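Notes for the one structure printed next.
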Ligand SMILES: C[S@@+](CC[C@H](N)C(=O)[O-])C[C@H]1O[C@@H](n2cnc3c(N)ncnc32)[C@H](O)[C@@H]1O
Ligand code: SF4
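Residue numbers (my numbering): 155 to 553.
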């Protein structure tokens, strides 16, 4: 762990994060079902004020906590006024204790609109940039509805790497027509860029058809087809192999990093830690004196803004999480990680012994078939187990 960590002694070693959702993009990508919208006009000042108001609301519920990360996600939060990011960061530092190693991530799109603002975000305190590159192939960028070229993306990540101490980029694979050979070449090129620019993290997602998106509608109409299941699992396998060989082992199903450069904010989610979520549609998980709750903010941007102006927060729902729901969520999130689920942490967070929650017969069967392991107090899914995670979970939790 990095410096300052022990100054933040906190009973929750999973960390404590702040997620800030910015719901706007320059254009809507056809595959994307994130809460992202194209707006003609954005009242930057109104957003600034609303974030600060909702932040105060949640800070009052979580006094004395030690904040370990802030994540500006979206949408495309690099379209936010950097002064807003700066104000949120400054306010967070007054609400909670922070160390000198606070991780502050901003998601960005490689469009030039975003790149010219990078220095402003760095000055605001952002120390990690995560960029949606998606593909290093022009025709696939068009298929994905991206507005930037490969060259613009390259310029953007190179300039990001000069400005921010930590940079990550996203690629989407398992695209129509993609073969093991073509992906191998593209990923090798990406890893080369990563090495040359001292980039320390890669998110590599398999393309999924999300209900309600334009791409899912075209897929249903058979306008294109996707690689079959065998090819998809080969693509997943070579992704893990090539990244590991390049010094970027998978620490989560879709995330690869140089050891020590994992995204600390996302680790909070996967390890079952607490986080405040502000902005339209943001989710949060908080341990209050009354127990664990899941929070969810109003999704529609205009409505959220209106409600925050009126009430100081835009809560849609605060759900009390019972022990069974908490246990299931911890397994679902934790098994995504290469490190798996720590049985001692599981017991601390749920009050339940991990072996007691699992179906013993199915566990033995999944172990024998090489889908999971349970040694030294850790339940882990193997790479093939992670590829079939929903089924593995169903078996583990079957009563
Ligand atoms: C909020 S976006 C990242 C930042 C920025 N909005 C962008 O797209 O450049 C989060 C990431 O999720 C991934 N993603 C979104 N929808 C996906 C889908 N249907 N299948 C696979 N990956 C997806 C993309 O790689 C995208 O970069
Ligand atoms: S992928 Fe990123 S840029 Fe595209 S619509 Fe989704 S959030 Fe916006």
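Every residue gets a Cβ at the ideal spot worked out from N, C-alpha and C, and that includes glycine. All of these numbers come straight from a predicted model, not from anything done at the bench.
Local conformation of residue i per DSSP, three classes
i           : result
residue 283 : strand
residue 257 : strand
residue 437 : strand
residue 534 : strand
residue 188 : coil
residue 288 : strand
residue 200 : helix
residue 472 : strand
residue 302 : coil
residue 181 : coil
residue 164 : Only weak support exists for where residue 164 lies, its pLDDT of 45 falling under 50; the coordinates are left without a value.
residue 492 : coil
residue 375 : coil
residue 529 : strand
residue 159 : Only weak support is given to the placement of residue 159: the predicted model assigns it a pLDDT of 36, under 50, and the value that follows is read from those uncertain coordinates. Here residue 159 sits in coil by DSSP.
residue 485 : helix
residue 320 : strand
residue 548 : helix
residue 277 : helix
residue 384 : helix
residue 502 : helix
residue 111 : One cannot answer for residue 111 here, as it falls past the ends of the chain, which runs 155 to 553.
residue 425 : helix
Contact check, residue i vs residue j, beta carbons under 7 angstroms
i           : j           : result
residue 276 : residue 317 : yes
residue 446 : residue 499 : no
residue 169 : residue 422 : yes
residue 540 : residue 407 : yes
residue 353 : residue 304 : no
residue 451 : residue 464 : no
residue 196 : residue 225 : no
residue 328 : residue 389 : yes
residue 261 : residue 231 : yes
residue 284 : residue 257 : no
residue 239 : residue 213 : no
residue 340 : residue 290 : yes
residue 402 : residue 330 : no
residue 205 : residue 432 : yes
residue 229 : residue 176 : yes
Any chain B beta carbon closer than 7 angstroms to residue i
i           : result
residue 437 : Looking at the structure shown, chain B is missing, and only one protein chain is on hand.
Sheet register partners of residue i (DSSP bridge)
i           : result
residue 358 : 325
residue 225 : 173 and 259
residue 409 : 357 and 406
residue 452 : Paired residues: none, contrary to the question.
residue 462 : Partner(s): none; residue 462 has no beta bridge.
Beta-carbon separation (whole angstroms), residue i vs residue j, contact threshold 8 angstroms
i           : j           : result
residue 307 : residue 287 : 5 angstroms
residue 531 : residue 496 : 7 angstroms
residue 319 : residue 351 : With a Cβ gap of about 13 angstroms, residue 319 and residue 351 do not count as contacting.
residue 345 : residue 396 : 7 angstroms
residue 485 : residue 448 : Not confirmed; about 16 angstroms, so no contact.
residue 490 : residue 543 : 7 angstroms
residue 364 : residue 370 : 6 angstroms
residue 399 : residue 405 : 16 angstroms between Cβ atoms; not a contact.
Closer than 6 angstroms to ligand 2: residues, by C-beta to nearest heavy atom, in chain order:
179, 182, 183, 186, 188, 190, 228, 229, 230, 263 and 286
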